[in-house]
Amino acid sequence: MTPMLAVRDLHFNYGRTPILGGVSFEVEEGELCGLFGPNGCGKTTLFKCCLNFLKFHKGTVTMDGKDIKDLGVESMAKIVAYVPQEHKPPFPYLTREVVLMGRTPRLKGIFKISKADKEKASDALDLLGLTEIADRPYNQLSGGQRQMVLMARAIAQETPLMFLDEPTSALDFSNQIRIWRIMQMVAKRGVTILACSHDPNHVSWFCDKVVVMKDNCILKEGSPHNVITEAVLNDIYRDVCAVRNIGEARMVLPRDVALKNDAWPEKQLGTERTLVD
Amino acid sequence: MTELTGKTDLWERLGFDQEFGFSEIHKILILLALLALLAITVGVAITFGAYNISVFDVYGIVMAHVSPFGDLSGITRLHNTIVWELRIPRVLLAVLVGTALATAGAVFQGCFRNPLVEPFILGVSSGAAFGAALGIVFVDLFLSIQFSAFLFGSLAVAMAYFLAHVRNETPIVTLILSGVVIGSIFEAMVSILKYTASDAALREIVFWLMGGFYYATWNDVYLLVPIIAPSFLIMWALGWKLNILSMGDEEARALGVNPEKYKLVLIVLATLITSLAVSTVGIIAWVGLMMPHATRMILGPDHRYVIPAAAMLGGSYLLVCDTLARTLTSAEIPVGIITSILGAPYLFYLLRTRGSAILG
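Below is the structure:
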């Protein structure tokens, strides 16, 4: 089976500064893949190259078996949806209008927007529980709400592939979990998702696969269990993290917190602890 | 009852159904109301004038020209000339120019993602002024004042745009600054031309710069309609794409709208009609900035509605202003003065009362 997203030997420079130096990885259909890495490692550039926002110098990106260099803007938008980090547009579009914008690649005709398209937008609003704020101006919502709206827009776009740029960065704890659950649900329906995130716990709990970047290259890729380890985290964050298992769940902690915790007597803690290498 | 349901069906079949909360009926009705407002304004404006002609005579003259059974026999030559050769082309020209400026304003604001951009902020007016002045001073080199005004108006916008275009991005602040820079360069060049021009040419340049519809003729109408009408229709048809473009280049791309391609089309058309309007009647401020704002307050920011509504509102507004300009006093007031006096306080009021809703 050909992978849904395949990046091979991708190179990109800003002027003479290399940003991506031979990045290769694959994401299978229906997989929820987390892209993880420190600030400035090239995640955003990788995203922009994959989405054809930036022209890369060397390498190939194939989506659904098609080389993206051969795809026009319109056909690209039918394959991949993009959820940017939240921002304020200059005009007070209503939330439902913003979600309806996701239907743009599939709109026919000039003025009229079909009932089916409006229904799809309405369904996406329902799915994320945004119906109550559907008639409020998008640029007056809170950052977290805006991020949910952008997610709904991507769902309304109905693409087999979805890219999310730090989808939970502006959300409160419960909404973060909710967004990850929604991404899992969307992935179960067969949509392939690549989401970049700065939270090692999130990628290890919710993703099917994790790609870790460091210094413009892929450091490690594979299942979260094999990738989010103390060794990898120490490699990218220089001895800040410790990884502990609490029963089935894996927890990434700041090292000092973990050490303090380790010093506690076993029975007082009441949980099984194992050191993970 | 059946009649009512029948109507609903019709609306639904036209795609303007209320379902899923996307209500569009009231927006369509507002568009129709604005069209009616424009028609009434035109109807009233042609009856006003320095020379007192009765309403019946005015419409008698209009009917005589428009209907195939028209009869000019009962009408004096003077009245006919005043109504048909002076007033009506002037009224139509005011509507056309108002429409053009307001449409261009809405499109510029959407493309540049800034509700405070107006067609002139990028230097179209200064460029067009320079082009017109060149055309006036060097009559032999430039066949038509309009053409050279259009040429330099477009050139100014292109220069401002490329000056601000760095690394595939066009930051708003840079764009506005480069518009100011380009504008002042062209203004300086207009000053050079004024300084060196002969008395007659200088007089003509000054008149041109003040703006106004004094010399409106049918020829102007014939020239503007075939350019402004299709440009307007194309921009209206791109209304939804303009919504997407106003979200930013990367998002537009991700939503399947090529920002370079569509922005180019829209900016070229908006510049085309602005330059044409400016080259025909001179510089008239505020219409292009204010009408899109007023429209967004009534209809929301969806450009599918903003563009036609701003156009009709712009046509009505400029026509009201021009009618005031030619009737308030015995001597004519330059129309730009009236649009500014009415417009500036209105925008101030908007910013103080609904600033957050409009500017986000």
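Chains as they are written, first to last, in the numbering used here: chain A, 1 to 277; chain B, 278 to 637. The C-beta atom is built at its ideal place from N, Cα and C for all residues, glycine as well.
- Of all residues in the stretch 531–551 of chain B, those with a C-beta nearer than 7 Å to a C-beta of chain A are 531, 532, 533, 534, 535, reading in chain order.
- The residue among A:197, A:17, A:101, A:26 with its C-alpha nearest the C-alpha of residue 528 (chain B) is A:101.
- Chain order gives no chain A residues near residue 504 (chain B), where near means a beta carbon separation below 7 Å; the closest approach is about 21 Å.
- For the pair residue 489 (chain B) and residue 170 (chain A), the Cα-to-Cα distance works out to about 53 Å.
- Annotation for residue 188 (chain A): the continuous alpha helix (DSSP H) segment containing it runs 173–188.
- Within the model, the alpha-carbon separation for residue 538 (chain B) versus residue 524 (chain B) is close to 16 Å.
- Between residue 604 (chain B) and residue 333 (chain B) a beta carbon distance of about 19 Å is seen, past the 8 Å cut, so the two are scored as non-contacting.
- Note on geometry: alpha-carbon atoms of residue 453 (chain B) and residue 431 (chain B) lie some 16 Å from one another.
- Contact annotation for residue 89 (chain A) against chain B: 390, 523, 524, 525, 637 [CB-CB distance below 8 Å, chain order].
- For residue 102 (chain A), the C-beta contacts it makes with chain B under 8 Å involve 532, in order along the chain.
- Rounded to the nearest angstrom, the Cβ distance from residue 154 (chain A) to residue 73 (chain A) is 16 Å, too far for a contact under 8 Å.
- Taking residue 386 (chain B) as reference, the option from A:91, A:122, A:117, A:121 with the minimal CA-CA separation is A:91.
- For the set A:128, A:32, A:202, A:216, the Cα lying nearest the Cα of residue 177 (chain A) is the one of A:202.
- For the stretch 49–79 of chain A, the set of residues with a beta-carbon nearer than 9 Å to any beta-carbon of chain B comprises 51, 52, 53, 54, 72, 73, 74, 75, 76, 77, 78, in chain order.
- Taken through DSSP and simplified to helix, strand or coil, residue 137 (chain A) comes out as strand.
- Contacts between residue 97 (chain A) and chain B, judged by CB atoms closer than 9 Å, involve 299, 520, 577, 578, 579 in chain order.
- Remark: C-beta atoms of residue 184 (chain A) and residue 32 (chain A) approach each other more closely than 8 Å.
- Within the stretch 148–173 of chain A, no residue has a Cβ lying closer than 7 Å to any Cβ of chain B.
- In the three-state scheme derived from DSSP, where H, G and I count as helix and E and B as strand, residue 242 (chain A) is classed as strand.
- Ranking A:224, A:167, A:236, A:264 by CA distance to the CA of residue 251 (chain A) puts A:224 first.
- The continuous stretches of beta strand (DSSP E) do not include residue 593 (chain B), which lies in the alpha helix (DSSP H) extending over residues 580–604.
- In the structure shown, residue 207 (chain A) adopts coil according to DSSP, grouped into three states.
- Where residue 251 (chain A) is concerned, the enclosing beta strand (DSSP E) starts and stops at 249–254.
- If you check the CB distance, residue 570 (chain B) and residue 619 (chain B) do not come in under 8 Å.
- For residue 18 (chain A), no CB of chain B lies under 8 Å from its own CB, so it is not counted at the interface with that chain.
- Of the residues B:436, B:599, B:366, the one whose Cα lies closest to the Cα of residue 494 (chain B) is B:366.
- For residue 197 (chain A), the pairing in a beta bridge is given by DSSP as A:36.
- Burial is judged here by how many other beta carbons sit within 10 angstroms of a residue's own beta carbon; residue 335 (chain B) has at least 16 and is buried.
- DSSP, read as helix, strand or coil, puts residue 623 (chain B) in helix.
- Of the residues B:613, B:500, B:479, the one whose Cα lies closest to the Cα of residue 560 (chain B) is B:613.
- The C-beta of residue 499 (chain B) has fewer than 16 other C-beta atoms within 10 Å across all chains shown, which makes the residue exposed.
- Chain-order list of chain B residues neighbouring residue 81 (chain A): 531, by C-beta distance under 8 Å.
- For residue 130 (chain A), none of the residues of chain B pass the 9 Å Cβ criterion, the least Cβ distance being about 11 Å.
- When DSSP assignments are scanned along the stretch 298–375 of chain B, the uninterrupted stretches of alpha helix (DSSP H) that are 4 or more residues long and fall wholly within it turn out to be 302–322, 332–343, 354–357.
- Residue contact with chain B for residue 94 (chain A): present (Cβ-Cβ distance below 8 Å to some residue of chain B).
- Under the 8 Å Cβ criterion, the stretch 353–370 of chain B does not count as touching the stretch 509–516 of chain B, having fewer than three qualifying pairs.
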